[in-house]
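Inspection log for the structure reproduced underneath, given as structure tokens.
2 protein chains.
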Amino acid sequence: MPLTASLAQLGEDAQRASYVLATAPTAQKNEALTRLADTLEAQATAILAANRLDVEAAEARGMSAALLDRLTLTDARVQALAADTRQVAALPDPVGTLLDDRVLPNGLRLQKRRVALGVLGVIYEARPNVTIDVAALGLKAGSAVLLRGSADTLHTNRVLVSCLRTALEQAGLPAGAVQFIDDPDRALVTQLLRLDRYVDLIIPRGGAKLHQLCKEQSLIPVITGGIGICHMFVDASADLEQAVDLIENAKVQRPSVCNALDTALLHTAIAPALLPALAARLAPQGVTFKADPASLQLLAQAGHDADAASLYDYDQEWLSLTLGLRVVDSLDQAIDHIRQHSTQHSDSILTRSDAHAERFVREVDSAAVYVNASTRFTDGSQFGLGAEVAVSTQKLHARGPMGLEELTTYKWVGLGDGHVRG
Amino acid sequence: MPLTASLAQLGEDAQRASYVLATAPTAQKNEALTRLADTLEAQATAILAANRLDVEAAEARGMSAALLDRLTLTDARVQALAADTRQVAALPDPVGTLLDDRVLPNGLRLQKRRVALGVLGVIYEARPNVTIDVAALGLKAGSAVLLRGSADTLHTNRVLVSCLRTALEQAGLPAGAVQFIDDPDRALVTQLLRLDRYVDLIIPRGGAKLHQLCKEQSLIPVITGGIGICHMFVDASADLEQAVDLIENAKVQRPSVCNALDTALLHTAIAPALLPALAARLAPQGVTFKADPASLQLLAQAGHDADAASLYDYDQEWLSLTLGLRVVDSLDQAIDHIRQHSTQHSDSILTRSDAHAERFVREVDSAAVYVNASTRFTDGSQFGLGAEVAVSTQKLHARGPMGLEELTTYKWVGLGDGHVRG
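As you go down the protein sequences, you meet chains L and X in turn. When the letters of the first sequence are read in order and numbered with the numbering used here, they come out as residues 7 to 428. When the letters of the second sequence are read in order and numbered with the numbering used here, they come out as residues 7 to 428.
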């Protein structure tokens with residue numbers, strides 16, 4: 007099979023199906039989603055059997071426990087996927103909304119209408135739930151999807167894609183709206199990134215290397231994100247007990263996610279009181295510290311261990327119970343540190359000064375900035391967007407959680423009666 | 007001078023200045039714009055003298071008359087630049103607008119604030135007015151600019167950039183907010199496209215080759231656009247006289263621009279009556295036709311000359327008085343033709359059928375779609391956006407005319423009182 011030609015064929019098929027999806031009525035899209043939920047439940051045994059093959063092969067190759075956990079489906083997880091799909095059906099349809107509607111001085115009626123994007127290319131790791139999540143959100147947003155999952159998930163994905171296509175056909179929609187690259191050849195990722203004739207948007211869901219590959223190779227606009235080096239600055243005026251609570255929540259509640267805290271910046275006036283209380287709260291929960299000389303000394307005085315931080319440590323997304331610490335002289339120094347080390351995901355200031363809060367909010371250029379709140383809130387469902395396909399850390403098109411609206415575009419519609427330009 | 011290092015320095019300087027611009031008060035930005043207008047008027051003699059050097063050198067190299075016209079400044083054109091700059095000062099400031107403001111169920115106040123983009127990289131041809139236009143719009147939108155003009159405009163641009171920097175300083179803003187690559191080496195364009203550490207957005211203003219280079223090489227998001235292969239479909243039910251008027255306007259009023267008409271698709275039921283009337287109106291104005299066999303025959307029967315169109319002709323942006331013609335059987339065939347050949351800029355249907363109008367509007371996936379109106383309206387000032395920096399034909403971030411709002415992004419602001427995620 008000539009791979010390039012067949013990939014282009016997938017793209018062309020997805021584009022043709024996208025024309026139908028773009029104008030499909032809401033009820034028909036929702037029916038496909040409901041049918042999908044039913045099919046997932048009905049096919050649970052087949053899905054779990056296929057997943058078992060993937061999991062066994064991954065175990066034999068020595069995949070880490072954390073990755074195995076992401077790969078593994080259980081009956082409860084299949085039920086959850088079906089429930090999520092029904093929730094997407096219940097969300098409002100973003101397509102067709104009028105964003106603007108006015109009559110120009112010359113009498114031409116000008117509308118700005120929200121419309122479907124077209125074809126979404128999604129490149130992701132060994133997480134079978136992503137197959138259902140992005141296809142369901144894409145469908146609701148009126149777009150076709152071209153999926154490139156990990157080779158580790160091939161058996162599971164084949165069954166899930168078959169469920170998706172069955173549900174589309176049952177609802178009278180083209181099965182071609184879900185395309186799946188059923189070939190583990192890595193060269194196909196690069197080829198997908200050059201399929202700008204058929205694909206309108208690339209969403210990479212994976213690590214920094216995948217994002218860099220997409221930035222380097224893609225002819226198609228890419229939404230990068232999902233990598234969060236997140237900061238909290240504890241200002242001199244912060245409430246000490248609240249600071250301990252917030253740092254604990256941001257670091258410990260779910261350390262493996264992108265909006266978890268990576269570095270706490272402590273004002274020099276509050277550090278001597280805060281650090282011992284913080285270490286006393288966090289160390290028993292398994293948190294270890296990468297500390298600059300000043301915080302290292304304060305911790306030592308209080309009888310707590312910590313490693314000396316290298317500058318390199320401030321550029322780590324820990325995804326673990328490690329916490330970077332640095333004592334700073336001022337709000338300015340905190341902002342400078344964040345400008346140098348943040349991935350522009352989520353950063354927070356803890357302060358009782360309105361002026362400092364407002365300066366932080368204005369000057370820290372991140373997708374989400376917080377005042378006296380945990381960084382853990384950056385999330386589509388927390389923000390009330392209903393669901394999210396990714397968290398964007400770039401500034402174009404979508405910033406922060408990408409929900410259904412962020413999976414659409416708009417067009418201008420000019421309604422005239424023989425209007426010519428003078 | 008090690009060019010790469012110096013380019014990175016320009017980027018770093020622009021980014022540092024962008025931090026100041028992003029939070030500068032509206033009045034200060036407007037003062038800089040007003041000072042710029044004054045400076046342009048005061049420096050008109052120096053600007054014109056520098057421009058004379060560029061024009062003479064270009065003439066000696068044999069530059070075409072059309073390009074020379076774009077390169078040439080006159081006293082009136084400098085006055086117009088000053089007037090445009092004052093108009094930008096009068097536009098509302100897009101920065102700081104609240105796009106959303108609500109209290110989540112947990113009590114966290116969540117705002118979506120419109121904010122500056124940061125640093126705009128602009129790559130453009132020998133049009134000195136672009137230097138002032140994009141810098142003025144960027145400044146109003148709170149962003150710094152890193153400009154890469156054509157080598158043909160080097161003398162003029164040096165003086166214009168000096169005017170820009172003077173005006174910024176007079177208003178107490180950092181001169182570094184306008185950076186200019188004062189070196190004709192083409193390799194610097196590629197290097198600029200890889201400066202993702204400092205530059206947030208690339209706007210290419212030039213032909214298809216420049217856009218393709220940017221898509222291929224850029225690590226930075228690019229807004230492509232400005233290339234319009236535009237269609238009008240004259241449906242069977244269209245008003246015949248109105249059709250002649252609209253095609254004339256779209257083709258003849260200003261043939262050299264991107265929203266001018268390239269191909270007219272004529273329903274087979276109206277073509278026999280329309281083509282003779284159209285040729286009689288357009289031929290005397292110098293319009294020549296590239297016609298498919300059916301329209302060629304109809305024109306010949308009416309005694310009009312035309313060239314036979316090749317398929318290749320339907321992929322031309324004519325920018326001239328050439329018009330492609332094709333007779334089609336149906337709305338479906340017209341939509342298929344547009345899907346194959348349109349650059350998704352501006353396409354129009356002429357019809358008296360509401361159902362056909364709505365199908366065309368929904369199914370033609372272009373930045374602007376029109377019903378019974380000329381394609382020539384796709385333009386920031388026509389749309390009431392005040393000014394435009396480019397016309398985007400891509401679907402992400404901005405579609406169609408890009409005004410001040412499209413030169414911004416947003417951030418999420420979470421205002422809490424010790425809020426942690428449960």
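Don't be surprised by glycine CBs; every beta carbon is placed ideally from N, CA and C.
Asked                                                                                                                                                           : Found
Helix, strand or coil for ALA270 (chain X) per DSSP?                                                                                                            : strand
Cutting at 7 Å between CB atoms, please list the residues of its own chain near VAL61 (chain L), excluding the five before and the five after it.               : LEU74, LEU77 and THR78
Between which two residues does the alpha helix (DSSP H) holding PRO407 (chain L) run?                                                                          : Note, PRO407 (chain L): premise wrong, no alpha helix (DSSP H); beta strand (DSSP E) at 406-408.
Give the straight-line distance between the Cα atoms of HIS319 (chain X) and VAL334 (chain X), rounded to the nearest whole angstrom.                           : Here the sequence assigns Asp to residue 319 (chain X), which means His is not the residue at that position. Answer to the nearest angstrom: the Cα atoms are 16 Å apart.
Counting contacts by CB-CB distance shorter than 8 Å, is LEU123 (chain X) in contact with chain L?                                                              : yes
Please determine, among X:CYS236, X:LEU104 and X:GLY232, the residue with the shortest C-alpha to C-alpha distance to ALA404 (chain X).                         : X:GLY232
Tell me the residue span of the alpha helix (DSSP H) that contains ARG171 (chain X).                                                                            : 160-176
Use the C-beta contact count for ASN378 (chain X): other C-beta atoms within 10 angstroms, 16 or more gives buried, fewer gives exposed.                        : buried
On a Cα-Cα basis, can you pick out the residue from X:SER24, X:ASN112, X:ALA279 and X:ASP158 that is closest to SER70 (chain X)?                                : X:ASP158
What residues from the region 415-428 of chain L come within 7 Å of chain X, judged by C-beta to C-beta, listed N to C?                                         : THR415, TYR416, LYS417, TRP418, VAL419, GLY420, LEU421, GLY422, ASP423, GLY424, HIS425, VAL426 and ARG427
For the beta strand (DSSP E) that SER336 (chain L) lies in, which residues bound it at each end?                                                                : Note, SER336 (chain L): premise wrong, no beta strand (DSSP E); not H, not E.
Secondary structure at GLY292 (chain X), three-state DSSP: helix, strand or coil?                                                                               : coil
Taking Cβ positions only, does THR269 (chain X) come closer than 8 Å to chain L?                                                                                : no
In the region 277-289 of chain L, which residues sit with their C-beta less than 8 Å from some C-beta in chain X, listed in chain order?                        : none
How would you call ASP107 (chain L), buried or exposed, if buried means at least 16 neighbouring beta carbons within 10 angstroms?                              : exposed
Does the beta carbon of PHE383 (chain X) sit closer than 8 Å to a beta carbon anywhere in chain L?                                                              : yes
Quick one, which residues of the region 189-202 of chain L are near chain X if we go by CB-CB under 8 Å, in chain order?                                        : ASP202
Tell me the rounded alpha-carbon separation between ARG200 (chain X) and GLU411 (chain X).                                                                      : 25 Å
For VAL133 (chain X), which residues in the same chain have their Cβ closer than 6 Å to its Cβ, ignoring the five residues on either side in sequence?          : This sequence places Arg at residue 133 (chain X); Val is not what is there. The residues are ARG76.
May I have the straight-line CA-CA distance separating GLY124 (chain L) from ALA183 (chain L), to the nearest angstrom?                                         : 10 Å
Out of curiosity, what's the CA-to-CA distance linking LEU116 (chain L) and VAL109 (chain L)?                                                                   : 6 Å
Among all the DSSP beta bridges, which residues are the ones paired with MET238 (chain X)?                                                                      : X:ALA270 and X:SER354
Would a C-beta distance cut-off of 8 Å place GLN259 (chain L) and CYS169 (chain L) closer than the cut-off?                                                     : no
Quick one: measure Cβ to Cβ for ASP353 (chain L) and VAL370 (chain L), integer angstroms, because I've assumed they're closer than 8 Å.                         : 5 Å
Does the region 355-365 of chain X come close enough to the region 228-242 of chain X to have 3 or more Cβ pairs within less than 8 Å?                          : yes
Relative to the C-alpha of THR45 (chain L), which residue among L:LEU166, L:VAL151, L:GLN21 and L:LYS417 is closest?                                            : L:LEU166
Of all the residues that make up the region 339-369 of chain L, which are near chain X by a beta-carbon distance shorter than 7 Å?                              : VAL367, ARG368 and GLU369
Here's the rule I'm using: 16 or more other beta-carbon atoms within 10 Å means buried, otherwise exposed. How should SER156 (chain L) be labelled?             : buried
Taking just the CA atoms, how far does GLY127 (chain L) sit from LEU87 (chain L)?                                                                               : 21 Å
So that I know if they touch, is there some Cβ in chain B lying closer than 8 Å to that of PRO98 (chain X)?                                                     : Of the protein chains in the structure, L and X, none is chain B.
Between GLY212 (chain X) and chain L, is there a C-beta pair that is closer than 8 Å?                                                                           : no
Could you round the C-beta distance between HIS351 (chain L) and CYS264 (chain L) to whole angstroms and report it? I think they count as a contact, below 8 Å. : 6 Å
Relative to chain X, which residues along the region 204-237 of chain L have a C-beta separation below 7 Å, given in chain order?                               : ASP206, LEU207, LYS221, GLU222, LEU225 and PRO227
Could you list the residues in the region 389-401 of chain X with a C-beta less than 8 Å from some C-beta on chain L, going in chain order?                     : PHE389, GLY390, GLN400 and LYS401
So, does the CB of HIS161 (chain X) fall closer than 8 Å to a CB anywhere in chain L?                                                                           : no
Say the cut is 7 Å; is the CB of GLY420 (chain X) nearer than that to a heavy atom of the ligand NAD?                                                           : Among the ligands in the structure shown, none appear at all, so the ligand NAD cannot be discussed.
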